[in-house]
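Only one structure is covered here, and it is reproduced in the block below.
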Amino acid sequence: MAKLRTRKHKVVLARSAGGDVGITIILTILGIFMFLPMLYTIMQSLKPLDELWMYPPKFYVMSPTFSNFKSLFSLMNESWVPFSRYIFNTIFTSVAGTFGHLFIASLAAYTLAKIKFPGANGMFQLVQLSLMFNATVTSITSFIIFSAFHWLDTYWAIIVPAWASTLGLYLMKQFMDSNVPDTVLESARLDGASELKTYWTIAMPMVKPAWLTLIIYSFQSLWNAGASMYIHSEQLKSFSYAITQITAGGIKRAGASAAATVIMMMVPILVFVVSQSNIIETMGSSGMKD
Amino acid sequence: MSKKTAEKQAVARKDMTMGQWVWKEMKRNKVAYLMVAPYMILFLIFTVFPVILSIIISFTNFNMLEMPDFVFLNNYITLFFDDDIFLIACKNTFIFAAIVGPASYLLSFLVAWFINELPPKIRAVVTLIFYAPSISGQAYLIWQTLFSADSYGWVNATLLELGLIDEEINWFQREEYAMPLCIVVSLWTSLGTAFLSFIAGLQGVDASLYEAGAVDGIKNRWQELYYITLPSMKPQLMFGAVMSITGAFGYGAIVTALCGFPSVNYSAHTIMHHLEDYGGQRYEIGYSSAIAVVLFVIMVGANAIVKKILSKVGT
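Chains A and B, in that order, are what the protein sequence lines are. Under the working numbering, the first residue of the first sequence carries the number 259, and numbering increases by one thereafter. Under the working numbering, the first residue of the second sequence carries the number 121, and numbering increases by one thereafter.
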């Protein structure tokens with residue numbers, strides 16, 4: 259009963275109706291700002307040609323049609339490199355990069371989080387430091403390194419660096435810190451399980467939300483990867499790059515390019531819809547301690 | 121670590137020097153090194169080593185074909201004293217980062233805070249609406265359609281209809297509009313990882329703290345935010361800051377896509393573009409490495425300063 263009263267007390271005092279109204283108004287305005295461009299993209303993709311070139315332009319589509327998607331597919335068939343090749347490139351690099359990342363990063367995350375050994379802290383600090391700059395900084399010298407490895411113009415230049423992406427290791431390590439109790443691991447070790455076995459059979463099943471988060475982050479960035487300065491051959495380029503080329507075709511292709519954008523953005527959005535609760539759960543332990 | 125081995129170590133440590141003890145620990149944990157090795161080796165090769173290599177090469181003239189020759193600080197001197205476009209790029213980068221970084225941070229937090237008390241299903245939908253632009257690849261190209269240079273562009277058409285302008289504005293090719301528009305579009309895509317982290321952090325604040333706070337005389341949601349919420353989610357605030365700051369330097373691709381490269385009169389030219397120009401197109405590797413080092417120092421410096429400020433909040 260006492261608890262109930264405190265709750266009531268809180269509601270009366272801490273939440274003014276004026277504040278609620280104000281917040282709702284601000285949130286609605288921001289929401290419209292965020293949502294309208296997305297909605298407009300979808301509208302554009304469904305507009306027939308005469309509506310795309312109507313003056314004054316209408317926001318909403320009046321007679322929706324899939325003709326833009328159809329013309330996108332016929333454009334794809336005309337392209338010099340078969341369009342399926344671009345799609346294959348993106349799917350192949352996304353899948354290979356993501357799975358390698360999941361295993362390599364989670365193995366390291368487990369070790370850094372759950373085994374105490376000299377240097378563990380320093381390694382993690384270094385990874386944390388690398389969250390503070392982005393890949394632009396390393397793009398030029400990575401070019402030199404790939405060239406030394408003879409990786410220029412191969413899938414390797416896309417896939418292998420993705421394996422060691424830093425945000426994934428960071429999130430996985432933080433999540434293991436707070437969600438894998440040491441006592442459970444300790445009893446497994448006392449039973450004679452090797453560290454590798456403890457990692458795989460005990461720790462990993464406990465951190466499924468973090469797996470999913472790593473998979474999604476890695477997949478998103480590889481899926482959206484456009485033209486890479488390390489890839490020259492047309493037949494190794496990504497789906498996202500091919501779409502930019504269609505868009506660059508200018509006014510005539512406005513419809514097809516809107517259709518392509520819709521296809522491109524639906525994949526990460528659907529993946530997020532399915533996995534949202536797991537990602538938020540992982541983010542619960544994302545905090546930086548110092 | 122079991123109690124027994126911990127005791128053993130405590131004893132062992134007395135009759136060993138620190139160095140011997142570390143060495144023994146390292147040998148005892150051989151497996152651990154093997155387990156971090158795949159990741160750490162790749163991380164060193166593709167993240168740490170490129171930074172070190174940039175610093176070294178930035179002191180040389182190097183074009184990928186001939187042997188580099190050592191020129192000491194020449195690249196940096198040229199950069200800061202002879203390259204007017206670099207100075208424009210610096211100015212634009214600072215303006216860009218100083219607006220987009222804090223604005224996206226505040227926006228991420230405010231939206232996360234506003235939606236925190238919504239029912240879970242509605243919260244999930246609102247989260248999706250705000251988060252979607254950041255994961256939608258090149259969906260930002262729609263802004264080019266909205267702000268298209270001709271009268272078929274929705275913004276131009278609307279302004280013409282309302283009689284606010286007499287002729288179409290070529291938005292992304294006008295010096296005075298290019299940069300502000302790019303900032304708006306970048307903000308549109310900026311509710312990313314920090315935003316999700318804040319949502320999770322707010323959900324994780326112990327509800328009993330709020331109840332105790334109400335009893336202790338917290339009068340409104342602002343006091344609740346200041347005295348209870350913010351101090352309880354400081355680690356997330358820190359992580360979000362790093363994500364927002366690093367992100368604020370990562371919008372070069374949006375500028376290139378919307379304004380072209382280079383942007384009209386370099387009005388939206390940033391250090392990222394300058395780097396791409398000299399490294400990716402002119403193959404002046406030494407010079408572009410110097411640009412990369414400057415960018416590195418700016419980014420890590422901005423992060424360090426903000427982390428320092430944040431660590432003082434609420435203490």
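Think of the CB as a built atom: it goes at the ideal place given N, C-alpha and C, for glycine as much as any other residue.
* What residues match up with ASN181 (chain B) in a beta bridge as DSSP calls it? -> Residue numbering aside, residue 181 (chain B) sits at position 61 when the second sequence is read from its first letter. According to DSSP, which records beta bridges pairwise, ASN181 (chain B) is partnered with B:ASP189.
* Could you tell me which chain B residues have their CB closer than 9 Å to the CB of TYR298 (chain A), listed as they occur along the chain? => Here residue 298 (chain A) is taken as the residue at index 40 of the first sequence, counted from 1. Within chain B, the residues near TYR298 (chain A) are ILE262, THR265, LEU266, TRP274.
* When we look at the beta-carbon of TYR466 (chain A) and count the other beta-carbons within 10 Å, is it buried (16 or more) or exposed? -> What you label residue 466 (chain A) is simply residue 208 of the first sequence in a count that begins at 1. Tyr is not the amino acid found at residue 466 (chain A); the sequence shown has Lys there. By the 10 Å Cβ count, LYS466 (chain A) comes out exposed.
* Asked: In chain B, which residues lie less than 9 Å from THR502 (chain A) when you measure between Cβ atoms?
  -> Your numbering for residue 502 (chain A) matches position 244 in the first sequence. Within chain B, the residues GLN258, LEU261, ALA377 have their CB atoms less than 9 Å from the CB of THR502 (chain A), given in chain order.
* **Spatial distance of GLN344 (chain B) from ASN392 (chain A) (CA atoms)** => Residue 344 (chain B) sits at position 224 when you count from the first residue of the second sequence. Residue 392 (chain A) sits at position 134 when you count from the first residue of the first sequence. For the record, residue 344 (chain B) in the displayed sequence is Glu; it is not Gln. Rounded to whole angstroms, GLU344 (chain B) to ASN392 (chain A) spans 35 Å at the Cα level.
* Asked: So is THR275 (chain A) in contact with chain B if we call contact Cβ pairs under 7 Å?
  -> By 1-based counting over the first sequence, the position of residue 275 (chain A) is 17. According to the sequence shown, residue 275 (chain A) is Ala rather than Thr. No, no contact with chain B.
* Measure the C-alpha to C-alpha separation of PRO439 (chain A) and GLY450 (chain A) and round it to an integer number of angstroms. => For the purposes of this step, residue 439 (chain A) is taken as the residue at position 181 of the first sequence. For the purposes of this step, residue 450 (chain A) is taken as the residue at position 192 of the first sequence. Cα atoms of PRO439 (chain A) and GLY450 (chain A): separation of roughly 18 Å, rounded to the nearest angstrom.
* Specify whether the segment 463–481 of chain A and the segment 387–401 of chain A touch according to this definition: at least 3 beta carbon pairs, one from each stretch, less than 8 Å apart. => Flag = no, the segment 463–481 of chain A and the segment 387–401 of chain A do not touch.
* Roughly how many angstroms lie between the CA atoms of MET301 (chain A) and PHE433 (chain A), to the nearest whole one? -> Counted from its first residue, the first sequence places residue 301 (chain A) at position 43. Counted from its first residue, the first sequence places residue 433 (chain A) at position 175. The C-alpha of MET301 (chain A) lies about 40 Å from the C-alpha of PHE433 (chain A).
* Asked: What are the start and end residues of each continuous beta strand (DSSP E) run of 3 or more residues lying completely inside the segment 225–276 of chain B, in chain order?
  -> Correct list: empty.
* **GLU336 (chain A) classed as buried or exposed, judged by whether at least 16 other C-beta atoms fall within 10 angstroms** => Within the first sequence, residue 336 (chain A) is the residue found at index 78, counting from 1. GLU336 (chain A) counts as exposed, since fewer than 16 other beta carbons sit within 10 angstroms of its beta carbon.
* Asked: Tell me which same chain residues have a C-beta within less than 8 Å of the C-beta of MET136 (chain B), skipping the five on either side of it?
  -> Locating residue 136 (chain B) in the second sequence gives position 16, counting from the first residue. Cβ neighbours of MET136 (chain B) within its own chain (closer than 8 Å, five residues either side excluded): LYS144.
* Asked: Cβ of GLY187 (chain B) less than 7 Å from any chain A Cβ?
  -> Here residue 187 (chain B) is taken as the residue at index 67 of the second sequence, counted from 1. Reading off the sequence shown, one finds Met at residue 187 (chain B), where the question assumed Gly. Cβ-Cβ to chain A under 7 Å: no for MET187 (chain B).
* To do: Within 10 angstroms of the Cβ of ASN490 (chain B), are there 16 or more other Cβ atoms? Answer buried if so, exposed if not.
  => A question about residue 490 (chain B) goes unanswered here, because the residues of chain B that appear run from 121 up to 435.
* From this set, B:LEU329, B:VAL426, B:LEU193, which residue's C-alpha is nearest TYR346 (chain B)'s C-alpha? -> By 1-based counting over the second sequence, the position of residue 346 (chain B) is 226. Nearest of B:LEU329, B:VAL426, B:LEU193 to TYR346 (chain B), Cα basis: B:LEU329.
* For PRO239 (chain B), is the classification buried or exposed, using 16 other Cβ atoms within 10 angstroms of its Cβ as the cut-off for buried? -> As a first step, residue 239 (chain B) is located in the second sequence; it is residue number 119 there, counting from the start. By the neighbour-count rule (16 or more Cβ atoms within 10 Å), PRO239 (chain B) is not buried but exposed.
* Helix, strand or coil: how does DSSP classify ASN392 (chain A) here? -> Residue mapping note: residue 392 (chain A) aligns to position 134 of the first sequence, counting from 1. Secondary structure of ASN392 (chain A) (DSSP, three-state): coil.
* Same chain, Cβ closer than 7 Å to GLU295 (chain B), neighbours up to 5 away in sequence not counted -> For the purposes of this step, residue 295 (chain B) is taken as residue 175 along the second sequence, with counting starting at 1. The answer, listed in chain order, is VAL384, ASN385, SER387.
* Asked: Taking all protein chains shown into account, do 16 or more other C-beta atoms lie within 10 angstroms of the C-beta of PRO300 (chain B), making it buried, or fewer, making it exposed?
  -> To locate residue 300 (chain B), count along the second sequence from 1; it is residue 180. With fewer than 16 Cβ atoms within 10 Å of its Cβ, PRO300 (chain B) is classed as exposed.
* Give the residues from the segment 400–420 of chain B that approach chain A closer than 7 Å (Cβ to any Cβ), ordered along the chain. => Listed by position along the chain: GLY400, ILE405, SER408, SER409, ALA412, LEU415, PHE416, MET419, VAL420.
* In angstroms, rounded to a whole number, what distance separates the CA positions of ILE290 (chain B) and ILE521 (chain A)? -> Mapped onto the second sequence, residue 290 (chain B) falls at position 170. Mapped onto the first sequence, residue 521 (chain A) falls at position 263. Note that residue 290 (chain B) is Asn in the sequence shown, not Ile. A straight-line Cα-Cα distance of about 28 Å links ASN290 (chain B) and ILE521 (chain A).
* **Proximity of TYR488 (chain A) and ALA415 (chain A) at Cβ, strictly below 7 Å** => Here residue 488 (chain A) refers to the residue found at position 230 when the first sequence is read from its first residue. Here residue 415 (chain A) refers to the residue found at position 157 when the first sequence is read from its first residue. In this structure, ALA415 (chain A) lies closer than 7 Å to TYR488 (chain A) by Cβ.
* When the Cα atoms are used, what is the spatial distance from VAL392 (chain B) to GLU186 (chain B)? -> Here residue 392 (chain B) corresponds to residue number 272 of the second sequence, with the count starting at 1. Here residue 186 (chain B) corresponds to residue number 66 of the second sequence, with the count starting at 1. The residue you asked about is not Val; residue 392 (chain B) is Met in the sequence shown. Across the structure, MET392 (chain B) and GLU186 (chain B) are spaced so that their CA atoms are roughly 26 Å apart.
* Asked: Which word fits SER574 (chain A), buried or exposed, when buried means at least 16 other C-beta atoms lie within 10 angstroms of its C-beta?
  -> The structure shown does not extend to residue 574 (chain A), since chain A spans only 259 to 548, so no value can be given for it.
* To do: Ignore the nearest five residues each way along the sequence and tell me which others in GLU539 (chain A)'s own chain have a CB closer than 7 Å to its CB.
  => Position 281 of the first sequence, counted from the first residue, corresponds to residue 539 (chain A). Residues PRO467 of the same chain have their beta carbon placed closer than 7 Å to that of GLU539 (chain A), with the five preceding and five following residues left out of the count.
* **Rounded C-alpha distance that separates HIS490 (chain A) from LEU410 (chain A)** => Translated into positions along the first sequence, residue 490 (chain A) becomes position 232. Translated into positions along the first sequence, residue 410 (chain A) becomes position 152. Whole-angstrom Cα-Cα distance: 8 Å.
* To do: Taking only beta carbons into account, state which residues of the segment 451–467 of chain A come closer than 9 Å to chain D, listed in chain order.
  => Of the chains in the structure shown, none is chain D; the protein chains are A and B.
* Asked: From this set, A:LEU310, A:LEU443, A:ASN379, A:LEU330, which residue's C-alpha is nearest GLN503 (chain A)'s C-alpha?
  -> The count along the first sequence starts at 1 and reaches residue 503 (chain A) at position 245. Per the Cα distances, A:LEU330.
* Consider the Cβ of PRO439 (chain A): report whether some Cβ of chain B lies at a distance smaller than 7 Å. => One-based indexing of the first sequence puts residue 439 (chain A) at position 181. With a threshold of 7 Å between beta carbons, PRO439 (chain A) makes no contact with chain B.
* Which of helix, strand or coil DSSP assigns to ASP336 (chain B) -> For this step, residue 336 (chain B) is matched to residue 216 along the second sequence. Correct three-state label for ASP336 (chain B): coil.
* To do: Put THR505 (chain A) into one of helix, strand or coil per three-state DSSP.
  => Stepping through the first sequence from its first residue, residue 505 (chain A) is reached at position 247. DSSP places THR505 (chain A) in helix when its eight states are reduced to three.
* **Residue-level contact to chain A via CB, SER174 (chain B), 7 Å cutoff** => Your numbering for residue 174 (chain B) matches position 54 in the second sequence. Chain A contact via Cβ: present.
* Short Cβ contact (7 Å threshold) for VAL395 (chain A) with PHE416 (chain B) -> In the first sequence, counting from the first residue as 1, residue 395 (chain A) sits at position 137. In the second sequence, counting from the first residue as 1, residue 416 (chain B) sits at position 296. At a Cβ-Cβ threshold of 7 Å, VAL395 (chain A) and PHE416 (chain B) count as neighbours.
* Give a yes or no on whether 7 Å exceeds the smallest Cβ distance from LEU285 (chain A) to chain B. => Within the first sequence, numbered from 1, the residue matching residue 285 (chain A) stands at position 27. With 7 Å as the cut-off, LEU285 (chain A) counts as an interface residue toward chain B.
* Excluding five sequence neighbours on each side, which residues of the same chain lie with their C-beta closer than 6 Å to the C-beta of SER486 (chain A)? -> Along the first sequence, read from residue 1 onward, the residue named residue 486 (chain A) stands at position 228. Apart from the 5 residues on each side of it in sequence, SER486 (chain A) has no Cβ closer than 6 Å to any other Cβ in its chain.
* Asked: How far does the alpha helix (DSSP H) with THR376 (chain B) in it reach, from first residue to last?
  -> Here the question's residue 376 (chain B) lines up with position 256 in the second sequence. From DSSP, the alpha helix (DSSP H) with THR376 (chain B) extends over 372–379.
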